[in-house]
Amino acid sequence: MPNEFTIKIAGEAGQGMQTIGAVLSRLYKKAGLHIFANQDYMSRVRGGNNFFQLRVSEKPVFTLRQKADIVVALDKKSVTLHKAGLSDKGIMVLDRKQSGILQADSSFFDVALHEWAVSIGGSDIFINTAACGVMAGMTAIAFEPLGEVIREAFAEKGSDIVEKNIKVAKAGYEFTQGNFKKKTFSLKAGPLKDTLFLSGNEAIALGAIKAGCKFYTAYPMTPSTSIMNTVAHYATQYNIVVEQAEDEIAAINMALGASFAGVRAMTATSGGGFALMVEGLSLAGMTETPVVIAEVQRPAPATGFPTRTEQADLDFLLHAGHGEFARVIYTPGTIEEAFYLTLKAFNIAEKYQIPVLIMSDQHLADSYRDIEPFDVNKIKVERFIITKEESQKVEGYRRYKLTESGISPRAIPSWIEGVIYADSDEHTEEGHITEDASVRIQMVEKRLYKKMAGLCGEIEKPTEYNVTGASCVLLGFGSTYGVLRELCEQSGNALGFVHFPQVWPFPSKETNQILKDAKKIITVENNALGQLARLLKRECAIRIHGSILRFDGRPFDLEYVDAQLKKYS
Amino acid sequence: MNISDFKSNDEIAWCPGCGDFGILTSLKKALVALGKKPKDVLLVSGIGQAAKLPHYIQSNCFNGLHGRAIPPAAAAKIANRNLTVIVTTGDGDCYGEGGNHFMHNIRRNVDITVIVHNNQIYGLTKGQASPTTDPGYETKVQTGGVILEPLHPLEMAIALGCGFVARGYSADTEHLSRLIIEGITHKGFALIDVLQPCVTFNKKNTYEWYGKRIYKVNDDPAYDPHDKTAAYQKACEWGERIPLGIIYRADKPSYEDKSGISRMPALVETEINNIDIAPTFKDFR
Numbered sequence: 041m042p043n044e045f046t047i048k049i050a051g052e053a054g055q056g057m058q059t060i061g062a063v064l065s066r067l068y069k070k071a072g073l074h075i076f077a078n079q080d081y082m083s084r085v086r087g088g089n090n091f092f093q094l095r096v097s098e099k100p101v102f103t104l105r106q107k108a109d110i111v112v113a114l115d116k117k118s119v120t121l122h123k124a125g126l127s128d129k130g131i132m133v134l135d136r137k138q139s140g141i142l143q144a145d146s147s148f149f150d151v152a153l154h155e156w157a158v159s160i161g162g163s164d165i166f167i168n169t170a171a172c173g174v175m176a177g178m179t180a181i182a183f184e185p186l187g188e189v190i191r192e193a194f195a196e197k198g199s200d201i202v203e204k205n206i207k208v209a210k211a212g213y214e215f216t217q218g219n220f221k222k223k224t225f226s227l228k229a230g231p232l233k234d235t236l237f238l239s240g241n242e243a244i245a246l247g248a249i250k251a252g253c254k255f256y257t258a259y260p261m262t263p264s265t266s267i268m269n270t271v272a273h274y275a276t277q278y279n280i281v282v283e284q285a286e287d288e289i290a291a292i293n294m295a296l297g298a299s300f301a302g303v304r305a306m307t308a309t310s311g312g313g314f315a316l317m318v319e320g321l322s323l324a325g326m327t328e329t330p331v332v333i334a335e336v337q338r339p340a341p342a343t344g345f346p347t348r349t350e351q352a353d354l355d356f357l358l359h360a361g362h363g364e365f366a367r368v369i370y371t372p373g374t375i376e377e378a379f380y381l382t383l384k385a386f387n388i389a390e391k392y393q394i395p396v397l398i399m400s401d402q403h404l405a406d407s408y409r410d411i412e413p414f415d416v417n418k419i420k421v422e423r424f425i426i427t428k429e430e431s432q433k434v435e436g437y438r439r440y441k442l443t444e445s446g447i448s449p450r451a452i453p454s455w456i457e458g459v460i461y462a463d464s465d466e467h468t469e470e471g472h473i474t475e476d477a478s479v480r481i482q483m484v485e486k487r488l489y490k491k492m493a494g495l496c497g498e499i500e501k502p503t504e505y506n507v508t509g510a511s512c513v514l515l516g517f518g519s520t521y522g523v524l525r526e527l528c529e530q531s532g533n534a535l536g537f538v539h540f541p542q543v544w545p546f547p548s549k550e551t552n553q554i555l556k557d558a559k560k561i562i563t564v565e566n567n568a569l570g571q572l573a574r575l576l577k578r579e580c581a582i583r584i585h586g587s588i589l590r591f592d593g594r595p596f597d598l599e600y601v602d603a604q605l606k607k608y609s
Numbered sequence: 012m013n014i015s016d017f018k019s020n021d022e023i024a025w026c027p028g029c030g031d032f033g034i035l036t037s038l039k040k041a042l043v044a045l046g047k048k049p050k051d052v053l054l055v056s057g058i059g060q061a062a063k064l065p066h067y068i069q070s071n072c073f074n075g076l077h078g079r080a081i082p083p084a085a086a087a088k089i090a091n092r093n094l095t096v097i098v099t100t101g102d103g104d105c106y107g108e109g110g111n112h113f114m115h116n117i118r119r120n121v122d123i124t125v126i127v128h129n130n131q132i133y134g135l136t137k138g139q140a141s142p143t144t145d146p147g148y149e150t151k152v153q154t155g156g157v158i159l160e161p162l163h164p165l166e167m168a169i170a171l172g173c174g175f176v177a178r179g180y181s182a183d184t185e186h187l188s189r190l191i192i193e194g195i196t197h198k199g200f201a202l203i204d205v206l207q208p209c210v211t212f213n214k215k216n217t218y219e220w221y222g223k224r225i226y227k228v229n230d231d232p233a234y235d236p237h238d239k240t241a242a243y244q245k246a247c248e249w250g251e252r253i254p255l256g257i258i259y260r261a262d263k264p265s266y267e268d269k270s271g272i273s274r275m276p277a278l279v280e281t282e283i284n285n286i287d288i289a290p291t292f293k294d295f296r
């Protein structure tokens, strides 16, 4: 495999695949290489079979390959499970003695991970660093940077632990240098760049912090929970209250209460939790209270596959909530988009006084990539409230004052001399309950038509690549961005793609314009119905030639989409 | 400030003679006595007859969803601790639909006052049993009489360690307004369950019925609301004699104290225009 290789570290939950993954990611990043990493884990804390996969390349990478060039099998089960997933010349790194594997195989590279860990480190917990030493050796990385990464990773645990880890890693490294003769996995180190390495969920969390979210509340739900963990990690530093709610109903209602009181608020969940939030979503629409909700999808219905990926909640999010009101749905496709669109979500939610949804999925949530540091000036925090200073002059305040834009100036309770009434019943401009038919019409127009008209002018444009030149154009939203991009880039000019970072309001005009001369249009979606294709038919009346659908809970990879595409050639 | 400063122009939709009027009067009196300004008070409600109350008083109002009054109230207080946050809710809204929030917000202990208009019946949906309807009471749904055990809010609140547990009676506005003053002054979650006759749908628990049974625990100088066991016994009393007053008190740190937000400027005052997240980048390098 030229210019890149894929490593898969597999074992039982609790064996430390993530630790190895984190150390190796840092190591290759230090070597100036590019990384796309993702995790495949079962819904259990111990046992089962999980893996951490790293694609390392001389060029930036955005997605996965189907086959691994190196599998590090930490238990016997992993050897059988992942044998078929090895590439043609792939190597299975294993500790035959420890795993009890008697037969030999030309793909095996037998390493005494357990023995080094116990004899040098004094405990089998050092197996992970032994494996890191082996990997550095196999991929022709000098030992010094590995030493540095280990020092950084274990610094908090004290110098004794650091030194033991380094010794164990060195044993693995030296053994490999002496015994692994292939040069297959040697990449050309690039210039050391000041990049960040983070996941989609971490990017959403940083976006929220930057956007001035001061109240974050959620009920833990995989795969959304690491957003809450990340915000909580920085909560003290940034003066944010993170409150674990008793259920998702409480979470959204608390977010709305905090927002009504004047702070930027957010919640996150997955499909099942969002189902509980739906009445609250409608409340946000009716009371015109800004809120940002991240829905990190996993396969459903019901509990589904808690730790796996799917994009089947598109229809649900488009239609969630009783009644008709304006909303925005962003569908970030990269770590960068996850950050910037979260920032934009807070601005738009506040400007239009509506709920804004960030629809992600487990694949984006748990995938890591090296990226340029965020441009913190790209999207500024814009406030759309009556400031404390301006509040002094406010008289005769009406919370739902009718305006051209449908947006009523938003005052903050206690800042103005007057009072503010917000109501879930249909209400007058003052916010009092009414059953007047003409007021009803005006309020529906305000919340729906007028706000939607404004929102249509702020749509996040679709990303297009080689649409006019291509014989086939692939369409996707959310986490499929990476696979579409790389597939198109490697196709020469045969393929083009359109990625939608926003699906509501749908960019109908732009899409019709982009696709007007497209020869063949195929959607690529992690769901069974082809929900994006159906949305396009509704909103653009565009003929879709087919959909490549995947709903086994696993993310797309380059080879998978490529193979499916053959059906359409 | 006086009572007229809290007068709302919204037309009242309660039945004539409804116990809710007494609660409205008591609340206004309490706010005047405490010297509160309408702009500094936030009333939060869900759905039901009790939930209409915020419209009938000049103050800020967030009238949300059925059963969901407490979560936005707690969060609004967290967002702006300078607000006086009061929930006006009913036995259906608070103990039925919103039971989970009732329990967990006692644990959360944000400094809010929860006034439950407990008429032991569903008014807005026209007469079905509520969680506190007396067993045996016949309704259009519970045709053979209520067979479920009633929920005992005061016992529950004491068991959960609520720092302020009181019961008032809507017809005794002097007493009730004093309870509301104490509840608002209490730093933490304060529960005031208010016996409130429903003149249309509850033909059992009438003004006359309550009038014969109620007595004030705090009239007895020996009664110590800090004694949890005694308070629990008092809370269990129902039937021939029904205790009113501050049943249980416990001094404990509020959410604001424990989370540290009481020592910081109100969250809503935080400047957010130029938050520098660059210092976090080192964790991702």
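If you read the protein sequences in the order shown, they are chains A and B.
For the first sequence, my numbering gives the first residue as 41, with consecutive numbering after it.
For the second sequence, my numbering gives the first residue as 12, with consecutive numbering after it.
Beta carbons: idealized from backbone N, C-alpha and C, even for Gly.
Note that this is a predicted model, so its numbers are computed, not measured.
When Cβ-Cβ separations below 9 Å define contact, B:E280 makes contact with chain A.
Only buried fits A:Q351, as 16 or more other CB atoms lie within 10 angstroms of its CB. Chain B has a Cβ within less than 9 Å of the Cβ of A:K250. When C-beta atoms of the stretch 294-307 of chain A are compared with those of the stretch 443-461 of chain A, three or more pairs fall below 8 Å, so the two segments count as touching. Of all alpha-carbon atoms in A:S139, A:K501 and A:S548, the one lying nearest the alpha-carbon of A:G373 is that of A:K501.
Classified as buried, A:A360 has 16 or more neighbouring CB atoms from the shown chains inside 10 Å of its CB.
Here B:P83 is actually not in contact with A:N43; their C-beta atoms are around 54 Å apart, not less than 8 Å. For A:N43, not one C-beta of chain B is nearer than 9 Å to its own C-beta.
As the crow flies, the alpha-carbon of A:P260 is around 8 Å from that of A:M268. When secondary structure is reduced to three states using DSSP, A:M261 falls in the coil class, being assigned neither helix nor strand. At a cut-off of 9 Å between C-beta atoms, B:V127 does not count as an interface residue with respect to chain A. Note that the C-beta distance between B:R92 and B:D51 is not below 9 Å. Residues of chain A with a Cβ closer than 7 Å to the Cβ of B:R296 are, in chain order, L236. When only Cα atoms are considered, A:Q604 and B:R296 end up about 37 Å apart. Counting the other CB atoms within 10 Å of its CB gives A:K204 a total of 16 or more, which places it among the buried residues. As a beta-bridge residue in DSSP terms, B:I257 pairs with B:A177. Per DSSP, reduced to three states, the secondary structure at A:M57 is helical. The C-alpha of B:W249 lies about 21 Å from the C-alpha of B:F113.
Taking a cut-off of 8 Å on C-beta distances, the stretch 543-555 of chain A does not touch the stretch 20-36 of chain B, as fewer than three cross pairs fall below it. For A:V282, the CB contacts under 7 Å within the same chain, skipping 5 residues up- and downstream, are Y256, M268, V271, A272 and A275 in chain order. Using beta-carbon distances, A:M317 does not count as an interface residue toward chain B, since no partner is under 9 Å. Going by DSSP, A:I411 is part of the beta strand (DSSP E) stretching over Y408 to I411. Classified as buried, A:C172 has 16 or more neighbouring CB atoms from the shown chains inside 10 Å of its CB. Separation of the CB atoms of A:I447 and A:Q482 is rounded to 14 Å, and the pair is thereby denied contact status at 8 Å. Within its own chain, the residues whose Cβ lies closer than 6 Å to the Cβ of A:L316, once the five positions on either side in sequence are excluded, are E288 and I289, listed in chain order. Taking CB atoms only, A:N241 has no neighbour in chain B less than 9 Å away.
With respect to the 9 Å criterion, A:S264 and A:G313 are classified as neighbours on the basis of their beta carbons.
Sequence-distant Cβ neighbours of B:I81 in its own chain, meaning closer than 7 Å and more than five residues away, are V98, G109, H112, F113, N116 and V125. Among the CB atoms of chain B, one or more fall inside 9 Å of the CB of A:T327. Annotation for B:G101: no alpha helix (DSSP H) segment contains it, though the beta strand (DSSP E) segment containing it runs T95 to G101. Contact annotation: A:R348 and A:G593 have beta-carbon atoms nearer than 9 Å. Taking 9 Å as the threshold, the shortest C-beta distance from B:V210 to chain A does not fall below it.
Chain A has a Cβ within less than 9 Å of the Cβ of B:D287. B:H197 is outside the set of residues whose beta carbon lies under 9 Å from a beta carbon in chain A.
Under a criterion of Cβ atoms nearer than 8 Å, the residues of chain A adjacent to B:L94 are, in order, A301, P453 and S454. Secondary structure of A:K254 (DSSP, three-state): strand.
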